[in-house]
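So the protein lines, in turn, are chains X and H.
For the first sequence, position 172 (counting from the first letter as 1) is numbered 172 according to the UniProt record's numbering, and the numbering increases by one without interruption.
For the second sequence, position 177 (counting from the first letter as 1) is numbered 177 according to the UniProt record's numbering, and the numbering increases by one without interruption.
Idealized CB from N, CA, C, for every residue including glycine.
Only a predicted model underlies this, so the values are computations on that prediction, with no experimental measurement involved.
First up is the structure itself, then whatever we jot down about it.
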Amino acid sequence: MSRFFATGSDSESEESSSADEITPKATGTTFNKPALLLSDDEEDTKRVVRSAKDKRFEELTNIIKTIRNAMKIRDMSKCLEEFEQLYRAFLKSKTIVDKEGVPQFYIRLLADLEDYLNQLWEDKEGKKKMNKNNAKALSTLRQKIRKYNKDFETEIASYKEVLNSSTNVISLCRCQDEESESDDDEDSEDWGSDSVDSGGESEDNEGAAASLAVVFLKKYKDGRRKRHKKIEQVEEEVDEDGEAEEGGWEKVKGGVPLVKEKPKMFAKGTEINSAVVIKKLTEILQARGKKGTDRAAQIELLHALSGISNENNLGQGILVKIKFNIIASLYDYNTNLAAFMKPEMWKKCLECIDELLDILFENNNIFIGENIAEDSENLAISDQPFRVRGCILTLVERMDEEFTKIMQNTDPHSQEYVDNLKDEGRVCGIIDRLLQYLESKGSTEEVCRIYLRRIMHTYYKFDYKAHRRSLGLQGETKSEQDQEESEGEDSAIIMDRLCKFIYAKDRTDRIRTCAILCHIYHHALHSRWYQARDLMLMSHLQDNIQHADPPVQILYNRTMVQLGICAFRQGMIKDAHNALLDIQSSGRAKELLGQGLLMRNMQERNAEQEKIEKRRQVPFHMHINLELLECVYLVSAMLLEIPYMAAHEFDARRRMISKQFHHQLRVGERQPLLGPPESMREHVVAASKAMKMGDWRTCHSFIINEKMNSKVWDLFPETQCVREMLVRKIQEESLRTYLFTYSSVYDSISMETLSEMFELELPTVHSIISKMIINEELMASLDQPTQTVVMHRTEPTSLQNMALQLAEKLGGLVENNERVFDLKQGVYGGYFNRGTRTRP
Amino acid sequence: WTIHVSVFQVVMKIIKHYQEEGQGSEVVQGVLLGLVVEDRLEITNCFPFPQHTEDDADFDEVQYQMEMMRSLRHVNIDHLHVGWYQSTFYGSFVSRALLDSQFSYQHAIEESVVLIYDPIKTAQGSLCLKAYRLTPKLMEICREKDFSADGLKKASVGYENMFEEVPIVIKNSHLINVLLWELEDKSTAADKHELLNLSSSTHLEKSLQMLMDRVDEMSQDINNCLFFIPLQYIQRRQQENAQRQSRGEPPLPEEDLSKMFKPPQPPPRMDTLLIASQLSTYCQTIKEFTSQNLGKLFMAEALQGTSSYS
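Structure representation (structure tokens):
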């Protein structure tokens, strides 16, 4: 039989066992030992030796993979490019190749490629169809490979020989190869390194002189025997020789099938019953946490154990117990708190939890809880209800945290992030299931905790279907999928139910605080401003949030920001400004919202603190757009500040409403040359300048245009409403500014003119002016019959204003002077007292 | 002491100098020439300092002055240095620079004066030219360079008696007088209307603005005075003493304060004095201006009243 077939089958068995690649070596070297306690150094040295080779070969296999892909889609130029790379990579790994011999997969590729090229070359029809580039690449590549393959003539010949002898097997093997290639990256990489391993190690074992084919043939035989054994396993009739031999090749082979390890755990012939399994389990668990324990192996062992118990029908109790421990050891795998789970670990973890939940749902008679003592556990006796120590809630919470960690550590702009984010659905599903489970079985505190988890996964998502439904858009035109989507509860109702439960039942302050904040956030996100505001005011969180821990504070900041944005959408500019003021005025919005670290020098923050801060970051998909935030803030500041500035032009003690806004204005003024605005800030500054002159049209065109739409306004769900609101606000505030600035020029002005100028309806103009008159901002009166505003001109002239300012300043001067005098005399008011004393 | 100034040789030249070179708040300066006759100083001629530009930094002013004076002597003109003149912007001229240069003049030539020319007031219709000298007390202090509070107190120098104004008499030669009379006959009344201009706000605003700036400076200065004393330490010491008293222990001695802190350089008082003096000049000019304006307004009212009767 062909050695290539052997490789193929090897990879297959590895896939089916889905073990990870570290275990085989471990089990191999310590085969005769109890398999658990192997020293790390031993493994390490072994791996160091291999790593250089592995690295090189992995590089090669990666390139080969791309070549094969390119071959499949007949992309010749790509093929050529990759082949050159392969050539270079091969040269680089020359030293290793000299030592190890030419790797099998390399020869195989060369042979296949040549055949393939020849085939293409022959195919005149196909060649004509090819585009110019490809055709050119084809001929170059053909020549190159012909030249290059001369070096490997013997190898290729032997390969071809084998090929011919078993064409049908090859084809089978090929498609397996291709299958494995078309699998996701992780798998095929595994396959790659594994096949390399087998190639390399077999040579180690057999010596260079032995023909490769022989090795593989032997291996194949073994593989067959192994399969054979698999069938017979239940009887456990494994003779000594078989075991020894098995050990011999197990070192070579990739993954270890689960059942294979059984002999290592239990002595031959032991009757597998629950007592034995439990004993074994405790034995495994004792090694946990100890130095030198191979954590990966432990996970493997536990898996094996679960398989055994499953097979022997030892009952659900034990299975649950084992599952608990598998999940726990999966979490243990990373000792470092900052490190995040590997994708395969994560997948496994999700699966395990799912399975565990399945069992729990199916079997009503299992009681789990963290307060069940170790010795009062009932794992085996099936007529009584099972009692298992362990807390599924904690596991799920931990899983959720791991998920956050994974998201934090993934580059948010990569495809990987999107892929990871897809798991969010599963996480939510698990949480939902656990929620159902706990609702029927758990205590109130547990329910509160799981509710909070659920809330945490809901609050920041905009409920599009509810939004659509409220708009009444749900027509017949919807596709089926949409129909399906729109079923189920509105997130608002869910939030309401969960939060209210927590408000009523929770006894820890933290969960309630988080729930309130999430609830407010959710309200605000869906433009339910009054509910959100009332909740915020009722909770009195603003008073005592500074005592909360940083994550809660971050949540609070997020909520406040969302609240502000919500107020803005509703046209409540002042509220929006007040809500955003705290976050924006610090200039550290990014940090306060947990959306990134600010650049700081090391004196302010050492590495440890930085790590802690990094762990607090909010994952990217939950971020609040900072530019949107700033724009909302600046625009609301503009709408408030510009009329205010116009009204208090001569006021010496004028206070700034928004320092940030003034800062932006100043930055704008400092520009020596003003071009058309580019950034969002420049737009707002330009708009402010226009508004100062009462020119609402220009202001409008600066605030709402295509650039700003794409940057900011389109991010709102109800874009159109917001824009309409904005235009109106700009008109109104421009009118006010105009009146403040130019009222001194007019004796009287007709309201109709004003309404035309600012395109506002007459009643609106009337109401705005009335309001200004009532607030004593505008010294004027309305003349009803002629619909005009008559100015009173009681405002002080600029000279009078100046005199007032001077008087104020002199007052300050006198006060200061007195203080100096007091300092000398030691008595307050000494100066004046002295005056009265000397007077008779 | 009076000063007699020649119109043609001095006043017109100063005005011309400002018209040609002074712009807005820019200041022009020049040298006055003349001689002392009995109890009066006669200023008979002057020449301007050239305007400084960045390019000729190594320009030697003294050399230029000597050269000028020598040349003037050749044409038989009074060549004795008797002071200098300076233009002013809304009456702001009291400054450290003026004090220093006037001191050096007066130190070298006993009788020198500084003529201050206010172009803005002149443009409003009344020539404004004033002569100032440092008072002997201030001279004393400047000579000793003792500007501390104590020194000023001892010399009893206040902002009121820093400068003394010397009355000016403007003299013309008889021929010029005759010419002037003739010109007056020819001129129409409209030429003199500037004097009756009623609009006052811009001038007042400007003055107020300057006054305010000065007041700000003053406040700043006082603040500096406040904080030059180690205030916080004293307060703490006082608190401590109060506590000790309540416990019945003897209070800590006050003297070691001066030992612990090297007494900081007390802020020089001269600047404050100058600001105060400037403030008082501002007030003076504003008062003058407003009283004149009030008179004009009353006059205008009376005129309007009569016109309405007729």
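I'd like to check one pair, residue j with residue i: are the Cβ atoms closer than 8 Å?
| i | j | result |
| --- | --- | --- |
| Asn161 (chain H) | Lys137 (chain H) | yes |
| Val94 (chain H) | Leu211 (chain H) | no |
| Ala70 (chain X) | Glu82 (chain X) | yes |
| Leu525 (chain X) | Tyr451 (chain X) | no |
| Leu634 (chain X) | Leu715 (chain X) | no |
| Phe462 (chain X) | Val427 (chain X) | no |
| residue 915 (chain X) | Val632 (chain X) | For chain X, the structure presents residues 1 to 840; residue 915 (chain X) sits outside this window and is missing. |
| Tyr105 (chain H) | Trp84 (chain H) | yes |
| Met693 (chain X) | Tyr746 (chain X) | no |
Looking at C-alpha atoms only, which residue of the options is the closest neighbour of residue i?
| i | options | result |
| --- | --- | --- |
| Thr122 (chain H) | H:Phe93, H:Ile15, H:Tyr105 | H:Ile15 |
| Tyr116 (chain X) | X:Ser158, X:Leu141, X:Lys99, X:Asn606 | X:Leu141 |
| Cys448 (chain X) | X:Glu759, X:Leu393, X:Lys809 | X:Leu393 |
| Ser92 (chain H) | H:Ala300, H:Cys283, H:Asn293, H:Gln292 | H:Cys283 |
| Glu61 (chain H) | H:Gln29, H:Asp185, H:Leu80 | H:Gln29 |
| Asp221 (chain H) | H:Ile77, H:Pro268, H:Arg244, H:Glu205 | H:Pro268 |
| Tyr460 (chain X) | X:Asn709, X:Phe340, X:Thr559 | X:Thr559 |
| Glu446 (chain X) | X:Glu424, X:Leu673, X:Tyr333, X:Ile368 | X:Ile368 |
| Leu110 (chain X) | X:Lys144, X:Lys99, X:Lys136 | X:Lys144 |
| Ile156 (chain X) | X:Leu357, X:Leu113, X:Asn133 | X:Leu113 |
Using a cut-off of 7 Å between C-beta atoms, extract the partners of residue i located in chain X.
| i | result |
| --- | --- |
| Leu196 (chain H) | The contacting residues do not exist; Leu196 (chain H) stays about 20 Å from chain X at best. |
Please state the DSSP three-state secondary structure of residue i.
| i | result |
| --- | --- |
| Val278 (chain H) | Residue identity check: residue 278 (chain H) is Gln in the sequence provided, not Val. Helix at Gln278 (chain H). |
| Val178 (chain H) | helix |
| His526 (chain X) | coil |
| Phe152 (chain X) | helix |
| Trp1 (chain H) | coil |
| Glu301 (chain H) | helix |
| Val256 (chain X) | Because Val256 (chain X) sits at a pLDDT of 38, beneath the cut-off of 50, its placement in the model cannot be relied upon, and the following sentence gives the value as read from the coordinates. Val256 (chain X) falls in the coil class under three-state DSSP. |
| Asn45 (chain H) | strand |
| Val114 (chain H) | strand |
| Lys500 (chain X) | helix |
| Ala131 (chain H) | strand |
| Val790 (chain X) | strand |
| Ile657 (chain X) | coil |
| Ser126 (chain H) | coil |
| Lys171 (chain H) | strand |
Check the Cβ of residue i against every Cβ in chain H and list those closer than 7 Å, keeping chain order.
| i | result |
| --- | --- |
| Gln805 (chain X) | Met212 |
| Gly812 (chain X) | Ser219 |
Please classify residue i: is it buried, with 16 or more other beta-carbons within 10 angstroms of its beta-carbon, or exposed?
| i | result |
| --- | --- |
| Ser688 (chain X) | buried |
| Ala515 (chain X) | buried |
| Pro103 (chain X) | buried |
| Leu639 (chain X) | buried |
| Met495 (chain X) | buried |
| Val10 (chain H) | buried |
| Gly207 (chain X) | For Gly207 (chain X), the pLDDT reaches just 41, beneath the cut-off of 50, and the residue's location in the model is therefore unreliable, leaving the point undetermined. |
| Ser93 (chain X) | buried |
| Leu175 (chain H) | exposed |
| Met270 (chain H) | buried |
| Phe298 (chain H) | exposed |
| Ala300 (chain H) | exposed |
So with CB distances below 8 Å, who are the chain H contacts of residue i?
| i | result |
| --- | --- |
| Asn816 (chain X) | Ser219, Ile222, Asn223, Leu226 |
| Lys809 (chain X) | Met212, Val215, Asp216, Ser219 |
Which chain H residues sit within Cβ distance under 9 Å of residue i?
| i | result |
| --- | --- |
| Gly587 (chain X) | Near Gly587 (chain X) there are no residues of chain H at all, since even the closest Cβ is about 29 Å away, more than 9 Å. |
| Ser798 (chain X) | Ser201, Glu205 |
Taking C-beta pairs closer than 9 Å, name the residues in chain X that residue i reaches, listed in chain order.
| i | result |
| --- | --- |
| Leu208 (chain H) | Leu799, Met802, Ala803, Gln805, Leu806 |
The ligand ADP heavy atoms versus the CB of residue i: any closer than 7 Å?
| i | result |
| --- | --- |
| Glu397 (chain X) | Looking for the ligand ADP in the displayed structure turns up nothing, as the structure carries no ligands at all. |
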